[in-house]
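**Student:** What follows is a structure written as structure tokens; I'll ask about it next.
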Amino acid sequence: MAAYRSVPTGGARRRVIRRRTLLLGALAAGSCLLWPAGTTLAHTCTPDATVAGSGRLLVPKASGVSVFELPGRMQRTIAITPAQGVATAVAASRDGSLLAVPRFWRPPADRVGGQDILLVGPGGGAPIGTLPRSRPGEALGSPSWLPDGSLVYERRVLSGTNEIVQIERAAPGGTAQVLAEDASSPSTSPDGALLALVRFAGTDRLSVMTVGGGPEHVIVDQPQLLSIAFPRFSPDGTWIAFTAASDPGVAAEERPDLPADTPPTDRPTGSGVHPRVGYRLPLLTDTPPPIGARTVRAHGVPWDVWVVRPDGSELRQVTTFADDDSSVTWSPDGQHLATFSAEAMHVVSVDGAASYCLAGEGGYGGIEWLP
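At position 152 of the sequence shown the residue is numbered 149 (my numbering), and the sequence of numbers has no breaks.
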């Protein structure tokens, strides 16, 4: 059975829980099908006439998907019928023949809403397949395709005041296999060998494991990064981009149980050589927080884009937008990143030196960049 994560109470609410938990709160209450982007202190921008890179940038919008043709920014819509609910992400299969679109909606017979993953062709229309929720109030999301055509995704459900979350793998119409419990935001490497995921232990940690199972390795564990989301492997598999909410009031220091000069790859939380990248990495040995433990989520705290190597080296911040609940994806050539937040959409170079405003309005959810 999946482990439980508690919903923050009391003073923790002053930070306001992150969008992913707010969504499940809406599912439990059954009172919300649309959410506004909201007003924050983060920046806005004036769209540039053209942006760097080429291809098609896919963004969830209303009940379907919006497509930006790059570099010219021409926009069109992929409608998914029937037009109901809210799309929360979009992920394309490796050959681009299918789109996985999680969509939140409430059947008339259910007291609360939920989220299924719809499989549609690149032109939209009626879904040709569905990964359905198993009960009201359950949300399937964060889809990532494997080369064999199966999907890795997260399954969330509220049980009373606690949240159950796990990562699963399934082929359309097949039986789901649990890959990780008490973990979220899955993403697979281009060759399908590695799985990036997020775990919570006071603050979020980014980990990597093999899709087939085996040791799990922490690659990002920074106290100032309160929340981590949307890890995405670069097209060549040599980098992982992700978004993170940081608290400037928390020092970027080592964990208190380690000497200050301990290198990240020598932390005594385990040992072993990563089966693919060949580096010695820390193993995740922490147990989940107990039921009832108070946690702090980071909706409303500034979010930006970061990159790191799959072995945990060369961690660096790419943007300084300080946006709200941003997501990220790679350009097909691996030279640029697109980021989508409540305030705006941008394309930035991987080194952060160049930035282009794609849209001066935003939203929420996972995005995809196709050739």
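Glycine included, every Cβ here is placed at the ideal spot set by N, Cα and C.
#1: Could you pull out every residue in the same chain whose Cβ sits closer than 7 Å to the Cβ of residue 48, ignoring the five residues on either side in sequence?
#2: Pick out the complete beta strand (DSSP E) segments inside the region 115 to 195, 3 residues or longer, and give them in chain order.
#3: Residue 81 to residue 63, Cα distance in whole Å?
#4: To the nearest angstrom, how far is the alpha carbon of residue 42 from that of residue 342?
#5: Which word fits residue 57, buried or exposed, when buried means at least 16 other C-beta atoms lie within 10 angstroms of its C-beta?
#6: Looking at residue 87 and residue 95, is the spacing between their C-beta atoms short of 7 Å?
#7: According to the Cβ coordinates, are residue 183 and residue 139 closer than 7 Å?
#8: Compare the beta carbon distance of residue 315 and residue 349 with 7 Å and say whether it is the shorter of the two.
#9: Beta-carbon separation of residue 300 and residue 240 under 7 Å?
#10: Looking at residue 228 and residue 237, is the spacing between their C-beta atoms short of 7 Å?
#11: Excluding five sequence neighbours on each side, which residues of the same chain lie with their C-beta closer than 8 Å to the C-beta of residue 118?
#12: Applying the 10 Å Cβ sphere with the 16-neighbour rule, what's the burial state of residue 196?
#13: Considering only the alpha carbon of each residue, which of 328, 367, 329 and 347 lies closest to residue 311?
#14: Whose C-beta lies closer than 7 Å to the C-beta of residue 365 among residues of the same chain, with five residues either side of it excluded?
#15: Given a threshold of 16 other Cβ atoms within 10 Å of its Cβ, counted over all protein chains shown, does residue 135 qualify as buried or as exposed?
#16: Which term fits residue 260, buried or exposed, when burial requires 16 or more other beta carbons within 10 angstroms of its beta carbon?
#17: Quick one, which of 155, 151 and 173 has its alpha-carbon nearest residue 163's?
#18: To which residues does DSSP link residue 74 through a beta bridge?
#19: Going by DSSP, what residues sit across from residue 54 in a beta bridge?
#20: Does residue 362 pass the burial test, meaning 16 or more other C-beta atoms within 10 Å, or should it be called exposed?
#21: Identify, in the order they occur along the chain, each residue of the same chain with its Cβ nearer than 8 Å to the Cβ of residue 165, setting aside the five sequence neighbours on each side.
#22: Taking the straight line between their C-alpha atoms, what separation do you get for residue 213 and residue 321?
#23: Thinking C-beta only, is residue 205 closer than 7 Å to residue 222?
#24: Could you check if residue 318 is buried or exposed, using at least 16 other CB atoms within 10 Å of its CB as the buried criterion?
#25: Which first and last residues belong to the beta strand (DSSP E) in which residue 356 is found?
**Tutor:** In brief:
#1: Locating residue 48 in the sequence shown gives position 51, where the first residue counts as 1. So the qualifying residues of the chain are 67, 68, 70, 344, 353 and 355.
#2: 121 to 128, 135 to 142, 148 to 156, 159 to 167, 174 to 178 and 181 to 185
#3: As a first step, residue 81 is located in the sequence shown; it is residue number 84 there, counting from the start. As a first step, residue 63 is located in the sequence shown; it is residue number 66 there, counting from the start. In a straight line, the C-alpha of residue 81 is about 15 Å away from that of residue 63.
#4: On the sequence shown, position 45 is the one that residue 42 refers to. On the sequence shown, position 345 is the one that residue 342 refers to. If I take the Cα positions, the gap works out to 9 Å.
#5: Against the sequence shown, residue 57 aligns to sequence position 60. So residue 57 counts as buried.
#6: Reading the sequence shown from its first residue, position 98 is the one you call residue 95. Reading the sequence shown from its first residue, position 90 is the one you call residue 87. Cβ atoms of residue 95 and residue 87: not closer than 7 Å.
#7: Here residue 183 refers to the residue found at position 186 when the sequence shown is read from its first residue. Here residue 139 refers to the residue found at position 142 when the sequence shown is read from its first residue. Yes. Within cutoff.
#8: Along the sequence shown, read from residue 1 onward, the residue named residue 315 stands at position 318. Along the sequence shown, read from residue 1 onward, the residue named residue 349 stands at position 352. Result yes, Cβ atoms of residue 315 and residue 349 sit closer than 7 Å.
#9: Reading the sequence shown from its first residue, position 303 is the one you call residue 300. Reading the sequence shown from its first residue, position 243 is the one you call residue 240. Cβ atoms of residue 300 and residue 240: closer than 7 Å.
#10: Residue 237 sits at position 240 when you count from the first residue of the sequence shown. Residue 228 sits at position 231 when you count from the first residue of the sequence shown. Cβ atoms of residue 237 and residue 228: closer than 7 Å.
#11: Within the sequence shown, the letter at position 121 stands for residue 118. Correct list, in chain order: 94, 95, 96 and 125.
#12: For the purposes of this step, residue 196 is identified with residue 199 of the sequence shown, where counting begins at 1. By the neighbour-count rule (16 or more Cβ atoms within 10 Å), residue 196 is buried.
#13: Position 314 of the sequence shown, counted from the start, is the residue given in the question as residue 311. Comparing Cα positions, the closest option is 347.
#14: As a working note, residue 365 is residue 368 in the sequence shown. These residues qualify, in order along the chain: 55, 87, 88, 89 and 326.
#15: For the purposes of this step, residue 135 is identified with residue 138 of the sequence shown, where counting begins at 1. Looking at its Cβ environment, which holds 16 or more other Cβ atoms inside 10 Å, residue 135 is buried.
#16: If you number the sequence shown from 1, residue 260 lands on position 263. Only weak support is given to the placement of residue 260: the predicted model assigns it a pLDDT of 42, under 50, and the value that follows is read from those uncertain coordinates. Classification of residue 260: exposed, given that the 10 Å Cβ count is below 16.
#17: Counting from 1 along the sequence shown, the entry for residue 163 is found at position 166. Measuring from the Cα of residue 163, the nearest candidate turns out to be 151.
#18: Position 77 of the sequence shown holds residue 74. Per DSSP, 63.
#19: For this step, residue 54 is matched to residue 57 along the sequence shown. Its beta-bridge partners are 65 and 366.
#20: In the sequence shown, the residue the question calls residue 362 occupies position 365. Result: buried.
#21: Translated into the one-based positions of the sequence shown, residue 165 becomes position 168. So the list reads 149, 150, 151, 152, 173, 174, 175 and 176, once near-sequence residues are dropped.
#22: Mapped onto the sequence shown, residue 213 falls at position 216. Mapped onto the sequence shown, residue 321 falls at position 324. Cα to Cα, the separation comes out at about 29 Å.
#23: Translated into positions along the sequence shown, residue 222 becomes position 225. Translated into positions along the sequence shown, residue 205 becomes position 208. Contact flag unset, no.
#24: Stepping through the sequence shown from its first residue, residue 318 is reached at position 321. Buried.
#25: Here residue 356 corresponds to residue number 359 of the sequence shown, with the count starting at 1. 352 to 356 is the span of the beta strand (DSSP E), which, as asked, contains residue 356.
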